[in-house]
Structure formats: C-alpha cells, structure tokens
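Chemist: Quick one: structure below, then a few questions.
Numbering (the UniProt record's numbering), first residue to last: 1 to 541.
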C-alpha cells in the first residue's frame with residue numbers, strides 16, 4: 001500500500017472543501033465504429049499515461065443504458081472521476097453518442113482525492129460537450145485555472161496529521177452532515193444501510209479480514225462505488241467503515257500497520273483483469289511465504305460479469321439487485337457469496353442489531369427540522385429505511401428470509417427453551433445484557449449533533465474498537481496468568497457475546513478465529529457454556 005493509506009482524514013473531513021489540484025483532464029467519446037477515443041487531454045505530470053486506460057475506466061460496460069452517471073476509479077497513484085452523459089446524436093453524427101469528462105487527482109488528497117468537489121462542474125461540461133464535441137473552450141478554461149492555482153495548504157503534510165483528524169477516530173472532530181460537500185460519497189451512507197440490510201455486518205467482517213471483495217451490478221455505477229456513483233458508493237463506504245482506528249494500532253501484531261484501511265479500487269472492468277491478477281499474485285505469494293505478514297485485500301465494483309467467472313481474482317462477491325426501492329415485503333436483497341459459491345448470511349444477532357440501528361436512525365430523522373430537501377440531489381439521500389409507527393422495526397419483521405439471515409439452529413432453540421424452563425430470570429438477564437451492549441455501541445446516534453452519515457461511521461468504528469479491545473484484554477489476562485503458553489486464547493460464550501458476536505453462529509466463530517490470527521497472531525479455542533439446573537451443571541456446546 002502507498003503512503004496515502006495512512007491518511008484518511010481528507011476523505012471525510014468536511015472542512016476540507018477546497019477542490020484538489022488536477023493531474024489530468026480529458027474528454028472521452030465512444031463511437032460505435034471507432035470505439036473508445038480520447039478526444040482531448042491535458043496532463044500536469046510527466047510520463048502520466050492516459051491512452052489505453054482512462055477511456056475504459058471512464059465508460060465501463062453497460063453505461064449506455066443510463067442517461068448520465070459519475071464513475072470513480074483508480075489509475076495508479078491517482079484517483080479518477082468521469083462524468084458521463086449520453087448524447088442526443090444527430091442523424092449525420094449518429095455514432096458519437098456517449099461522452100465522459102474525466103479528471104485524475106493525487107490520492108494523497110484521500111481515497112477519491114476529493115474529486116467529488118468537481119463533480120458538478122464536470123457534469124455540466126459533459127452535458128455541454130455531448131451536444132457539441134468541438135466546443136472544448138470550457139475544458140481549456142478549467143485547465144488554465146488549474147495551471148494558475150497553487151497546491152492547497154491542506155494537501156501539504158497531509159500524511160502527518162491525517163490520523164489525528166480522521167472522522168473515524170474521535171467523535172468531537174467529526175464533521176457534521178451539513179458540512180459535507182454535495183456529491184460527497186459519505187452522503188450515501190444511509191442508502192448503504194438500507195440496501196444491504198443485516199448483511200452490513202458480514203460485509204464489515206469480510207472487510208476487516210481484508211478479503212478481496214467485488215460488488216457486481218448494472219449501471220448506474222455511482223451507487224456501488226460510493227456506497228461506486230450507484231455501484232461506486234458501496235466501495236467507498238465499506239472501505240471507510242472497515243478502517244481500523246489508528247489508536248488501536250499499538251494493540252495489534254507488528255506488520256499490520258499497513259492494513260489499517262482496506263484499499264478501494266472503485267470501478268474495474270475487463271481491462272483491469274491484469275491488475276487484479278497481479279494483486280492476487282501478491283496476495284497468494286504473501287500467504288505462501290508467511291514472512292511478510294498478512295496480505296492486503298481490496299474492495300471494488302464492476303458491471304462486467306465476466307470478471308466473476310475468474311474466481312481466483314476475488315474472495316467475496318456481492319451481487320447487487322437491479323432495483324432497491326421496492327416495498328420491504330417485495331425487496332430483493334443483495335446476494336453475498338464466497339468465490340467457491342458458498343452463500344454468506346447474516347447472524348440472528350446481526351438481524352437484531354440491524355433492527356436497532358434502523359430504529360435509532362428513524363428516531364434521529366424524526367427529531368430533525370422536518371425541512372424539505374432543497375434540490376433533487378439532497379432528496380436522493382433521503383432515508384430509505386422501512387418505517388412504520390414509532391419503532392421503525394415493525395416493517396422489518398418477516399422481511400429477511402433464510403436467503404439473508406441464518407436460521408435459528410435446533411441447538412439454540414433447545415437451549416433457550418430449556419433456559420426459559422430452568423432459569424427464566426438468568427436467560428432474561430443475559431438477553432438484556434446483550435441488548436444493552438448493542439445499544440451502547442449506538443452511542444449518541446440519535447442526539448442530532450453531527451448528522452446521520454458521520455454517526456453511522458462512528459457506530460461501525462466503535463464496533464471494531466470493541467472487538468479489538470476485548471481481544472487485547474483477554475490476551476493480556478491470559479498471558480498474565482501464564483495460561484496461554486501455546487499461543488492459544490481460550491474464549492467462552494460470554495466472551496464472544498461481549499465482543500458483539502453471535503454465540504450461536506459458526507460463521508462468527510470462524511471470523512473470530514481468522515481475525516485473531518490475522519491481527520494478533522494467536523489461535524483461539526472456543527469452549528461451550530453450561531447451565532445449573534437443580535444443582536447439576538449441564539454443558540452446552
């Protein structure tokens with residue numbers, strides 16, 4: 001990973017609303033006879049190659065099916081943004097139908113180089129050029145402005161102060177929702193919560209294990225990249241939510257400092273397969289030699305389904321449904337699978353946590369000003385979560401079938417039924433403790449100070465902190481008691497519950513085992529629990 005991996009502040013710091021310095025500006029056209037063409041370009045960096053790369057990244061497969069889109073991508077050490085518009089082609093120029101005005105900016109500014117600050121202007125330029133490709137004067141004007149400007153002061157020394165100011169670590173410096181610039185990908189956070197439902201937590205686990213995660217769907221691309229613009233938003237949000245707060249780095253094994261954030265590749269296509277193969281080779285080489293520590297994964301999105309046939313390129317694939325705005329009872333949820341085709345489902349505790357999160361989000365929104373959105377873009381960010389009455393949970397009941405959530409096991413049914421008969425008070429206390437713990441993680445989500453996107457980010461980072469702190473405490477206790485000579489950490493049902501995991505989910509136990517080995521270099525032994533009944537202690541697996 002590059003040095004930019006240690007600086008996340010510029011991605012989410014709402015005060016940093018100065019547009020970035022452009023490294024390249026270009027105009028892409030697609031002609032049905034000629035194909036992809038760079039019709040106009042300017043670069044500020046010697047040796048920065050655009051041909052044969054940015055044209056395919058700016059106009060991914062299937063984009064012709066929508067009228068406009070924003071496409072985020074990565075090109076080497078640069079973040080890219082292309083504003084796509086479908087042209088109204090005349091009869092004599094019927095082949096020049098699709099155009100994209102794109103930029104490259106340094107990723108030292110952040111994951112997306114603050115490129116979203118130029119999105120309105122790029123979209124306006126694309127709309128104008130779609131009707132007249134020869135009218136490039138506005139492009140020249142933008143480039144001249146960039147050439148005359150000086151690098152922003154906020155860009156200097158970015159790496160040195162990024163950790164202290166990251167939205168993910170310290171609540172008091174978290175920017176308010178209102179301070180986030182229009183088109184800031186974090187504004188899609190509520191849609192992200194709505195679209196993935198309880199699978200949010202499985203996505204978070206895969207990202208924390210630094211898996212290679214691929215979102216697959218059709219245009220518009222913006223949603224997956226930010227959240228990719230429909231497809232790019234999911235990429236951005238997952239990369240942001242799964243960052244390890246830097247203040248936890250001292251608890252982790254040496255060599256993991258380069259993994260504190262999950263690299264976001266944003267939109268990828270068939271032409272990026274060689275790059276993905278190279279990343280896969282590095283991952284496999286690291287895993288086989290075992291000398292360089294854990295390998296870094298990535299998160300990306302694509303509209304090219306052919307990539308999903310190359311299963312060696314990714315670890316987890318998330319297949320996006322064609323639409324997200326159906327009523328709750330008719331919703332088609334994303335499908336999450338491993339590369340070998342095994343389905344990944346949320347746990348029962350994930351479902352309970354999701355219901356709780358939805359309720360708090362709606363409570364926050366209901367306590368807001370109630371003002372109408374000023375424009376269409378703000379309306380697009382409206383909360384989409386199912387809601388009925390005051391709790392916000394009623395419409396969620398029965399919405400998630402076995403395709404999304406793990407069914408309750410017979411062992412759990414038998415155990416809870418026996419506990420109700422043998423010790424109803426103890427079972428109620430255990431359930432209450434777990435619920436109280438999950439409520440504590442929500443913190444001040446509904447107090448209205450910071451806005452919902454930052455609050456959601458803080459919620460997931462608190463969950464990560466709870467997991468890391470819990471494991472660190474258990475390891476210290478075990479080492480102090482000399483009970484861990486073989487490097488094996490023994491945990492029980494209560495330990496797992498306090499970490500925020502589902503004690504009955506085998507997937508959660510597998511996650512814990514892999515997470516502990518990856519970040520702490522320890523193995524784990526999960527022991528069952530037991531209950532007292534009439535003076536007899538009965539073990540439970």
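Cβ atoms here follow ideal geometry from the backbone N, Cα and C, with glycine treated the same way.
Keep in mind the model is a prediction, meaning the values are calculated, not measured.
Using DSSP's beta-bridge definition, name the partner residues of residue 358.
Modeler: Answer is none; residue 358 lacks a bridge partner.
Chemist: How long is the line joining the alpha carbons of residue 209 and residue 514, rounded to whole angstroms?
Modeler: 7 Å
Chemist: Starting from the C-beta of residue 276, find all residues in its chain whose C-beta is less than 6 Å away, skip the five residues before and the five after it, and write them out in chain order.
Modeler: 313
Chemist: With 16 as the cutoff for other CB atoms within 10 Å, does residue 233 come out buried or exposed?
Modeler: Buried.
Chemist: Would you call the CB atoms of residue 102 and residue 82 closer than 8 Å?
Modeler: yes
Chemist: Looking only at C-alpha atoms, which of 132, 497, 474, 501 sits nearest to residue 490?
Modeler: 474
Chemist: Here's the rule I'm using: 16 or more other beta-carbon atoms within 10 Å means buried, otherwise exposed. How should residue 471 be labelled?
Modeler: So residue 471 ends up on the buried side.
Chemist: Taking the alpha carbon of residue 402 as the point to measure from, which residue in 266, 347, 355 has its own alpha carbon closest?
Modeler: Closest option to residue 402, Cα to Cα, is 347.
Chemist: Distance, Cα to Cα, residue 107 vs residue 344?
Modeler: 32 Å
Chemist: Please list the terminal residues of the continuous beta strand (DSSP E) segment that includes residue 86.
Modeler: 78-86
Chemist: DSSP on residue 184, reduced to helix/strand/coil?
Modeler: Under the three-state reduction of DSSP, residue 184 is assigned to coil, being neither helix nor strand.
Chemist: Within this structure, are the beta carbons of residue 130 and residue 99 separated by less than 8 Å?
Modeler: yes
Chemist: Going by other Cβ atoms of all chains shown within 10 Å of its Cβ, with 16 needed for buried, is residue 19 buried or exposed?
Modeler: buried
Chemist: Helix or strand or just coil, what does DSSP make of residue 344?
Modeler: coil
Chemist: Just confirm the distance between the C-beta atoms of residue 351 and residue 198, as a whole number of angstroms; I'd bet it's less than 8 Å.
Modeler: Their Cβ separation, rounded to whole angstroms, is 5 Å, which keeps residue 351 and residue 198 in contact under 8 Å.
Chemist: Which residues share a DSSP beta bridge with residue 40?
Modeler: 27
Chemist: Helix or strand or just coil, what does DSSP make of residue 144?
Modeler: In this structure, residue 144 counts as helix in the three-state DSSP scheme.
Chemist: I need the DSSP call for residue 236, collapsed to helix, strand or coil.
Modeler: helix
Chemist: Give, in chain order, every unbroken run of the beta strand (DSSP E) that is at least 3 residues long and sits entirely within the stretch 462-501.
Modeler: As far as the stretch 462-501 is concerned, its whole beta strand (DSSP E) runs of at least 3 residues are 488-491.
Chemist: Given this structure, state the Cα-to-Cα distance separating residue 481 from residue 488, to the nearest angstrom.
Modeler: 13 Å
Chemist: Within a Cβ cutoff of 6 Å, which residues of the same chain sit near residue 543, ignoring the five residues on either side of it in sequence?
Modeler: Outside the shown range of the chain (1 to 541) lies residue 543, about which nothing can therefore be said.
Chemist: Could you check how far apart the C-beta atoms of residue 468 and residue 241 are, in whole angstroms? I think they sit under 8 Å.
Modeler: No, residue 468 and residue 241 are not in contact; Cβ-Cβ is about 15 Å, not under 8 Å.
Chemist: Would you decide whether residue 302 is buried or exposed? Buried here means 16 or more other CB atoms lie within 10 Å of its CB.
Modeler: buried
Chemist: Can you tell me which residues form a DSSP beta bridge with residue 72?
Modeler: In the DSSP secondary-structure assignment, residue 72 is bridged to 81.
Chemist: Where do the N-terminal and C-terminal ends of the alpha helix (DSSP H) with residue 337 fall, by residue?
Modeler: Premise fails: residue 337 lies in the beta strand (DSSP E), 335-338, not in any alpha helix (DSSP H).
Chemist: Do the CB positions of residue 244 and residue 464 come within less than 8 Å of each other?
Modeler: yes
Chemist: DSSP state of residue 215, grouped into three classes?
Modeler: strand
Chemist: Pick helix, strand or coil for residue 265, following the three-state DSSP scheme.
Modeler: strand
Chemist: By DSSP, does residue 260 sit in helix, in strand, or in coil?
Modeler: Reduced to three states, the DSSP call for residue 260 is coil.
Chemist: According to the Cβ coordinates, are residue 75 and residue 117 closer than 8 Å?
Modeler: Residue 75 is not a Cβ neighbour of residue 117, given a cutoff of 8 Å.
Chemist: With distances taken from CA atoms, which of 357, 310, 211, 251 is nearest residue 296?
Modeler: 211
Chemist: Return the Cβ separation of residue 542 and residue 338 in integer angstroms, given the expectation that the two are a contact with Cβ distance under 8 Å.
Modeler: The question about residue 542 has no answer here: the residues shown for the chain are numbered 1 through 541.
Chemist: Kindly indicate the opening and closing residues of the beta strand (DSSP E) around residue 517.
Modeler: Going by DSSP, residue 517 is part of no beta strand (DSSP E) but of the alpha helix (DSSP H) stretching over 506-520.
Chemist: Determine the extent of the alpha helix (DSSP H) in which residue 97 is found, giving its start and end residues.
Modeler: Where residue 97 is concerned, there is no enclosing alpha helix (DSSP H), although the beta strand (DSSP E) it sits in stretches over 96-106.
Chemist: Measuring CA to CA, which of 136, 186, 68, 34 is closest to residue 458?
Modeler: For the residues 136, 186, 68, 34, the minimum Cα distance to residue 458 belongs to 186.
Chemist: Could you tell me which residues DSSP pairs with residue 523 in its beta bridges?
Modeler: 488
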